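Comments concern the structure below.
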Amino acid sequence: IVGDKLGVPIDNIDIVHGDTDKGPFGMGTYGSRSVAVGGTAIVKACDKIIEKGKKVAAKMLEGKPEDIDFKDGEFILKNSNKKKTIGEIAFACYLPGTFGDIKSPLPEGVEPGLTETSFFDPSNFSFPSGSHICEVEVDEETGETKVVKYTVVDDFGTIINPLVVEGQVYGGVAQGIGQALYENAHYDESGQLTTASYMDYTMPRADNFPQIKLDYTSTPATSNPLGVKGCGEAGTIASPPAVMNAVIDAVGTDVSMPATAEKVWKALKKNGSKKAAA
């Protein structure tokens, strides 16, 4: 976002994580709001930098702030070939009143520095939408369920980083499949948790998943200027019901999560007995 807004190479941008001395206090990234809220705050801060940069560039280029355009990291005086890079403007913003024979180019009333802070409190939420399709095969002898095909089509609005979005969806679907078929907090008759370690708590592995097919539509959100929608929870929310609906369709009777091999086997036998009795 910063690179696109300010025309700065990605390699020149540093992101500081976890330093409470440098980063402002925040309530967290819950609700898939990182880009929608935090990204918009970044956009607003960049807009402030550009606005201040135009004032400095106007004096350096002998023009007026309203006659300065900003594009691809350059401040350009309209109807001329005069321009200054954002790097030159940033340097000028930190010059003292005099630097040897160089006099500070800061306009009167403009404070030194090019550091800006901005906040964004959205007036409404953004809501992603999508569709998940799951196909399973159930072994009638053992009750084991295998996910053989899984297709996702999501609408996350404007997608900024496709690789990150894919990772979010794949991870969410994997977690949802685990919740639907394997993972369970099981207690014995004395109340002791018997699935308290990774030795006992069943989670899916790579060979439990098919190749997940993923595609997007893009309807920009209207609640933020980036048009983005959160994607972090979409895979986890949609995949359990998609998997369970497929299992129930295959078995022909209701099965509760997690649809373990034992549960599915019992459901098959029970449903088979009902059909035989009918």
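Positions in the sequence shown are counted from 1; adding 11 to them yields the working numbering. Glycine residues also receive a C-beta, built at the ideal position from the N, C-alpha and C atoms. Owing to the predicted nature of the structure, the values given are computational and were not obtained by experimental measurement.
Next on the checklist: Am I right that L225 and E146 are in contact with their C-beta atoms under 8 Å? What's the rounded C-beta distance?
Outcome noted: Actually they do not touch by this definition, with Cβ atoms about 16 Å apart.
Checklist entry - From G263, A270, G154, F220, pick the residue whose C-alpha is nearest to that of L192; which is it? => result A270
Next on the checklist: Below 8 Å, how does it come out for the stretch 95-102 and the stretch 61-81: are there three or more Cβ pairs, yes or no?
Outcome noted: yes
Next on the checklist: Just to confirm my understanding: we take E155, look at its own chain, exclude 5 residues before and 5 after, and list those with CB closer than 6 Å. What are they?
Outcome noted: So the qualifying residues of the chain are A272.
Checklist entry - Considering only residues of the same chain and omitting the five flanking positions on each side of T169, which have a CB-CB separation below 7 Å? => result Here the set comprises S229, P231, L237, G238, V239.
Checklist entry - Does the stretch 79-88 come close enough to the stretch 121-137 that 3 or more CB-CB pairs lie under 8 Å? => result no
Checklist entry - When burial is assigned at 16 or more other CB atoms within 10 Å of the CB, is Q222 buried or exposed? => result Flag for Q222 reads exposed.
Checklist entry - Whose C-alpha, out of A261, G18, F102, I12, is nearest the C-alpha of D149? => result Note on residue identity: the sequence assigns Val, not Asp, to residue 149. Here the closest residue by C-alpha is A261.
Checklist entry - What does a CB cutoff of less than 7 Å around G74 pick up in its chain, not counting 5 residues either side in sequence? => result L88
Checklist entry - Expressed to the nearest angstrom, what Euclidean distance is found between the alpha-carbon atoms of G141 and T162? => result Roughly 11 Å separates the two Cα atoms.
Checklist entry - In whole angstroms, what separates the C-alpha of K286 from that of L279? => result Only weak support is given to the placement of K286: the predicted model assigns it a pLDDT of 49, under 50, and the value that follows is read from those uncertain coordinates. Going from the Cα of K286 to the Cα of L279 covers about 10 Å.
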